[in-house]
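Numbering (the UniProt record's numbering), first residue to last: 1 to 921.
Structure, rendered in structure tokens:
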């Protein structure tokens, strides 16, 4: 095991660390055996020099088979990062010139889309980096690796970004052609189910003729033989569909040869009788344009989602904006099953009996997506499982000889479409999913044929995936997929928050949850977690879903996870908050988490964190993952009305104006006019602070009329005007409670202004800050309800809240607005367990807090946004905070060097102790 295993690596600072390079060079200075250490060597290289921990989702593969175009033999690429890098690794002292010749042979044999611009040759002691397009190479010793980091930075600095752009562009073009065809059908008055069936059939035929599933050009020529006016084409296609659904021996003897040469397809794709579409010239032209395109290179995973969007005018306009990228899908299936399968292959690599045993077992697994959409997760899973099976068979072929396997590969194949199951509520999407799986399966067949000499004949379609068009929340999953120990449940269910659910969706949620308190507040995606957990608890298996990050923050964990814990379900792996985005135009993005679910999770679990929500994940190997996706005890933090720490002051919102801004939203210019023109009103002017004013140092004023002299209100034109406006606004409200406030039009709707100095806390805070910016205010500064306020009896309170510990607690449990934290009095503050302080500790923390305020005062013209930006924070202020942190950590019994993980574990443990024990699965 790597000496770095289990440690968290920082993404901050330079991407290529000289320190890490020295450690790497020292570790492998005496290594010589390629067979024993090569993969460990390169895994460490990617993780600690390139900062890539998640090799699976990045697309880095080991032992990739390729058939040499020169020798005709199957050979193995040691490491391939498609479109980025090829590595050929040798044992110490071997000839790198021969290795280069071998690598260049691989480049000639790879599919053009996978050919990388960089090759690295290595024998542990030496590196040779070849930039293929530039025609340059550079060689250096392992000991000189630190001195060559700049070269690596130049080569790899932007590699991998946009590497799928060409593929996505091709799929977008294909989808646009289908969208154009659909539009022509719409213009002619065709829509609905039968049009969907027709377009799915056309898609299959276009792909089949371009990928040798059928005779090349057979469908193109068939369409081209129709009249240019489109007349009769619908009838021709209707007859073709009937022929495709009939075995050749059952076709009438009078069937024209132009039809009879089409193979029997089967699989139900052409079984349904649909209407005879009356084509016009424009409809035919759109179909002819589609036949002219080369459909062999489309990605079923990407195209399926794009094709899904062709029916809707808005989604057509933003074509490709909402599909799920393969890299993100890999984050789910990697830890769910694929990484384990790859490790098992590596262990069995030189043992034919073990390879055959593992291969046999692959056919016993099932893969189920109960919200499958157009089938992305299933398609990508199929692609990688067929690729894994290909590597197994090619390796067996290499170890035992070639002839027997090539004779009947269909007998050797274990991964079949019948192992893939899905539920999708949208009929159109479910139809696409079924076809997309057939397309992906056939693409795998072509790869098999290239590597091992033959592939299963997929026509007629004997086996199909089981994709059911239904509401996954109302059907029994066990009737659709064989749930059990060898079933993997996965997907990306709908995200709708409680406020955005339709009445039907709300009814579905209550159907799933029953009378569980708080169920109505749950995000829609939680339904899939609960149903999957019930099945896993009873039958075994594993699940992993992409989810909104709110499932692991705020109030929702306290509702969802007690249900899962009661079922004996824990979190087996997780990705903390990251931006789930696609690589097509539009870049639709949402802040998500991935949660793996399992009964009796393993003792070592993968926890992926994102220092940059849009960047690469960093892996920690942990013993437990709690509902907040932290390595800490399995507790849930419930809302409480009072602080859990007995000596803590209460936190509350500032005063809520409910006045339309007439009293509470006065600009600096308006305040100057009031002072100039209305001396009575001017004496009631006060500074008012909300979150924006606090963070950005903006000036705003209010008229604070609590306890004001009624005679002043009557005599002052400004006060009379504004108070009457507030009264009218409240009377016009539909809420009775607001109407009642019209009788108190001189005051804010809800008054919670502290009478002593207080700490002003923003209700939301950017994820890009190490500390939550707060300020100490005097009671004559009014706060509105965009701020939270804590009366300050001691600077120690300010010290706790301005510490790293409170910031980490806030980031761990508070709800989110996108990725920004939403601080809550009932969840965040009231559950923060601060220690009882002795006099010395209190004095030290107060002194540290005072030092922070002094450091700030050196920058009187800068806002808190300036002072607390990650990159803009002044060193003097950071040093003051670090000293304060040290004192607070000491009070918690922690060292100043405690890691974030140690701090969070301590905070959760203190909370668990405070509530009287752990709530453990």
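Each residue gets a CB set at the ideal place from its N, CA and C atoms; glycine is no exception.
**OP:** Enumerate in chain order the residues of its own chain whose CB-to-CB distance from residue 613 is below 8 Å, with the five nearest sequence positions on each side excluded.
**Re:** Hits under 8 Å: 577, 578, 579, 591, 767, 819.
Original post:
Is it true that the CB of residue 472 sits closer than 8 Å to the CB of residue 379?
Top reply: Between residue 379 and residue 472, the C-beta spacing is not below 8 Å.
Subject >> residue 130 versus residue 903: straight-line alpha-carbon distance, rounded >> reply: Roughly 45 Å separates the two Cα atoms.
**OP:** Determine, using beta carbons only, whether residue 773 and residue 864 come nearer to each other than 8 Å.
**Re:** Contact flag set, yes.
Subject >> C-alpha distance - residue 795 paired with residue 807, whole-angstrom precision >> reply: Across the structure, residue 795 and residue 807 are spaced so that their CA atoms are roughly 17 Å apart.
**OP:** Could you check how far apart the C-beta atoms of residue 182 and residue 234 are, in whole angstroms? I think they sit under 8 Å.
**Re:** That pair is no contact at about 16 Å.
Subject >> One or two residues paired with residue 126 in a DSSP bridge >> reply: Residue pairing by DSSP places residue 126 opposite 141 in a beta bridge.
**OP:** Quick one: give me the first and last residue of the alpha helix (DSSP H) that residue 503 is part of.
**Re:** Where residue 503 is concerned, the enclosing alpha helix (DSSP H) starts and stops at 503-513.
Subject >> Counted within 10 angstroms of its Cβ, other Cβ atoms place residue 677 as buried (16 or more) or exposed >> reply: Classification of residue 677: exposed, given that the 10 Å Cβ count is below 16.
Subject >> Pick from 398, 535, 512 that is closest to residue 526, judged by C-alpha positions >> reply: Taking each of 398, 535, 512 in turn and checking the Cα distance to residue 526, the smallest one comes out for 512.
**OP:** Give every residue of the same chain whose Cβ lies closer than 8 Å to the Cβ of residue 490, excluding the five residues on either side of it in the sequence, and list them in chain order.
**Re:** Cβ within range, chain order: 332, 333, 336, 367, 368, 369, 377, 381, 543, 544, 545.
**OP:** On a CA-only basis, which of 691, 154, 859, 62 is nearest residue 875? Give me that one, please.
**Re:** For residue 875, the closest of 691, 154, 859, 62 by C-alpha to C-alpha distance is 859.
**OP:** Kindly identify the DSSP beta-bridge partner or partners of residue 592.
**Re:** Partner(s): 548, 578.
Subject >> DSSP bridge partner residues for residue 702 (one or two, in chain order) >> reply: DSSP links residue 702 through a beta bridge to 686.
Original post:
Distance, Cα to Cα, residue 127 vs residue 764?
Top reply: Those two C-alpha atoms are separated by around 49 Å.
Original post:
Three-state secondary structure (DSSP) at residue 435?
Top reply: Annotated three-state conformation of residue 435 is helix, per DSSP.
Original post:
Where does residue 880 sit, in a helix, a strand or coil, going by DSSP?
Top reply: Here DSSP, grouped into helix, strand and coil, assigns residue 880 to helix.
Original post:
If you draw a straight line from the alpha carbon of residue 552 to that of residue 813, how long is it in whole angstroms?
Top reply: Rounded to the nearest angstrom, the two C-alpha atoms are 7 Å apart.
**OP:** Could you pull the start and end residues of the alpha helix (DSSP H) that residue 345 belongs to?
**Re:** Here the alpha helix (DSSP H) through residue 345 covers 339-347.
Original post:
What is the DSSP secondary structure of residue 629, counted as helix, strand or coil?
Top reply: Residue 629: coil per DSSP, three-state reduction.
Subject >> Reference residue 330; option with closest CA among 728, 850, 574, 176 >> reply: Residue 330 has its Cα closest to that of 574, out of 728, 850, 574, 176.
Original post:
Quick one: Cα of residue 538 to Cα of residue 696, how far?
Top reply: In a straight line, the C-alpha of residue 538 is about 54 Å away from that of residue 696.
Original post:
Among 31, 149, 133, 523, which one has its Cα closest to the Cα of residue 140?
Top reply: Residue 140 has its Cα closest to that of 149, out of 31, 149, 133, 523.
Original post:
For the beta strand (DSSP E) that residue 424 lies in, which residues bound it at each end?
Top reply: Where residue 424 is concerned, the enclosing beta strand (DSSP E) stretches over 420-424.
Original post:
Exposed or buried, what is residue 294 when buried is set at 16 or more other beta-carbons lying within 10 Å of its beta-carbon?
Top reply: With fewer than 16 other beta carbons inside 10 angstroms of its own, residue 294 counts as exposed.
Subject >> Backbone secondary structure at residue 241 - three-state DSSP >> reply: Correct three-state label for residue 241: helix.
**OP:** Leaving out five residues on either side along the sequence, give the residues of the same chain with a beta carbon under 6 Å from the beta carbon of residue 63.
**Re:** Spatial neighbours of residue 63 in its own chain (CB-CB distance under 6 Å, excluding positions within 5 residues in sequence) are listed in chain order as 76.
Subject >> Buried versus exposed call for residue 116 [16 or more other C-beta atoms within 10 Å across all chains shown] >> reply: Buried is the label assigned to residue 116, since at least 16 other Cβ atoms lie within 10 Å of its Cβ.
Original post:
Assuming residue 687 and residue 531 make a contact with CB atoms under 8 Å, what is their CB distance in whole Å?
Top reply: In this structure, residue 687 and residue 531 do not form a Cβ contact; the two beta carbons are roughly 53 Å apart against a cut-off of 8 Å.
**OP:** On the DSSP bridge assignment, give the partners of residue 490 in chain order.
**Re:** According to DSSP, which records beta bridges pairwise, residue 490 is partnered with 544.
**OP:** Rank 22, 465, 394 by C-alpha distance to the C-alpha of residue 417 and give the top, closest one.
**Re:** Nearest of 22, 465, 394 to residue 417, Cα basis: 465.
Subject >> Which of helix, strand or coil DSSP assigns to residue 300 >> reply: The three-state reading of DSSP puts residue 300 in helix, counting H, G and I together.
Original post:
Looking at the structure shown, is residue 364 part of a helix, part of a strand, or coil, going by DSSP?
Top reply: Coil.
**OP:** Would you check if the distance between the CB atom of residue 742 and the CB atom of residue 716 is smaller than 8 Å?
**Re:** In this structure, residue 716 does not lie closer than 8 Å to residue 742 by Cβ.
**OP:** Using the DSSP secondary-structure output, state which residues sit across from residue 758 in a beta bridge.
**Re:** Under DSSP, residue 758 shares a beta bridge with 777, 791.
Subject >> Residue span of the alpha helix (DSSP H) that contains residue 717, given as start and end >> reply: Counting along the chain, the unbroken alpha helix (DSSP H) around residue 717 starts and ends at 717-731.
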